[in-house]
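Participant: Mind the numbering: the sequence shown is residues 49 to 248 in our numbering, read in order. The C-beta atom is built at its ideal place from N, Cα and C for all residues, glycine as well. Predicted, not measured: the structure shown is a model, and the values here were computed from it.
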Amino acid sequence: MRHCLGAATETIKFSPIEPTGNMCIIGKNQLTELIKSYNCIHPFDYSLLDGDGYILTVKDERTLHYLEHQNLISHEVVFTPPNYVAHLTAKSKYGRMGLSFLNAAKVHSGYVGRLALELVNLSNERQPITIRRGDPLMHIEFVKREGEASPYNGNYMFQFMSEEEISDYVGILTREFKTVFRKDDLLKAAKQRVALAPSA
Numbered sequence: 049m050r051h052c053l054g055a056a057t058e059t060i061k062f063s064p065i066e067p068t069g070n071m072c073i074i075g076k077n078q079l080t081e082l083i084k085s086y087n088c089i090h091p092f093d094y095s096l097l098d099g100d101g102y103i104l105t106v107k108d109e110r111t112l113h114y115l116e117h118q119n120l121i122s123h124e125v126v127f128t129p130p131n132y133v134a135h136l137t138a139k140s141k142y143g144r145m146g147l148s149f150l151n152a153a154k155v156h157s158g159y160v161g162r163l164a165l166e167l168v169n170l171s172n173e174r175q176p177i178t179i180r181r182g183d184p185l186m187h188i189e190f191v192k193r194e195g196e197a198s199p200y201n202g203n204y205m206f207q208f209m210s211e212e213e214i215s216d217y218v219g220i221l222t223r224e225f226k227t228v229f230r231k232d233d234l235l236k237a238a239k240q241r242v243a244l245a246p247s248a
């Protein structure tokens, strides 16, 4: 059964970037196709597909003490194609431990970059919580949107990405979505980005 915000009376077949008339969370098979076609999650690990979404992992190990706030960086680069938005929800495992997720739960259409995951430890036991490198932390689901493309153009485009990664995605965006993205604009955004790639 498809998860839709509008009613559907029949199954509709469509390509990954064409609107269907409903805003829907895409299922595992279409998400896999989207990722393979446009590198929407990189690196991609098939075992981290979960239901209708993907589980993002953590780039570096962090320990949060009681009431401490930290920004954790996703290991994966996320690209949300122009006809999609993405929604984030934390793994319930961490919620039960007392870890609270502070981000807005949306990734804009057209965004490319690693995600800064804003977390605070609200544990009732006031104990530290450690999240290790590679730990599955955050569900991401891709939702089809309607209307004219309006891609993200803020200062966090390409955040925490290397020059090589940026070059790869500039190629994808200008080749696959040439009516939406201009190379000069993308290169300018890369130079002006707020957060540079962290050291290995």
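Could you tell me which residues DSSP puts in a beta bridge with Ile89?
Facilitator: Looking up residue 89 in the sequence shown gives position 41. DSSP output for Ile89 lists Val126 as bridge partner(s).
Participant: Return yes when the Cβ of Gly101 is within less than 8 Å of the Cβ of Gly179, no when it is not.
Facilitator: Stepping through the sequence shown from its first residue, residue 179 is reached at position 131. Stepping through the sequence shown from its first residue, residue 101 is reached at position 53. The amino acid at residue 179 is misidentified as Gly; the sequence shows Ile. No; because the gap between Cβ atoms is not below 8 Å, this pair is not in contact.
Participant: Rounded to the nearest angstrom, what separates Arg181 and Lys236 at their Cα positions?
Facilitator: To locate residue 181, count along the sequence shown from 1; it is residue 133. To locate residue 236, count along the sequence shown from 1; it is residue 188. Spanning the two alpha carbons is a distance of roughly 31 Å.
Participant: In this structure, how does DSSP classify Thr227 when only helix, strand and coil are distinguished?
Facilitator: One-based indexing of the sequence shown puts residue 227 at position 179. Three-state result, Thr227: coil.
Participant: By the three-class DSSP mapping on this structure, what secondary structure does Asp98 have?
Facilitator: Taking the sequence shown and counting its residues from 1, the one referred to as residue 98 is at position 50. The answer is strand: DSSP assigns Asp98 an E or B state.
Participant: Which class does Ala243 belong to by DSSP, given the choice of helix, strand or coil?
Facilitator: Counting from one through the sequence shown, the residue named residue 243 turns up at place 195. Reduced to three states, the DSSP call for Ala243 is coil.
Participant: Quick check on this structure: which residue in Val168, Asn77, Ser215 and Glu124 has the alpha carbon closest to the alpha carbon of Leu104?
Facilitator: Position 56 of the sequence shown, counting from 1, holds the residue named residue 104. The residue with the shortest Cα to Cα distance from Leu104 is Glu124.
Participant: May I have the straight-line CA-CA distance separating Val191 from Asp93, to the nearest angstrom?
Facilitator: Within the sequence shown, residue 191 is the residue found at index 143, counting from 1. Within the sequence shown, residue 93 is the residue found at index 45, counting from 1. Between Val191 and Asp93, the C-alpha separation is close to 20 Å.
Participant: Is Val160 near Phe127, with beta carbons less than 8 Å apart?
Facilitator: Walking along the sequence shown from the start, residue 160 turns up at place 112. Walking along the sequence shown from the start, residue 127 turns up at place 79. A contact, by the Cβ cut-off of 8 Å.
Participant: Leaving out five residues on either side along the sequence, give the residues of the same chain with a beta carbon under 7 Å from the beta carbon of Tyr132.
Facilitator: Numbered from its first residue, the sequence shown carries residue 132 at position 84. Same-chain partners within the cutoff: Ser157, Phe190, Val191, Lys192 and Arg193.
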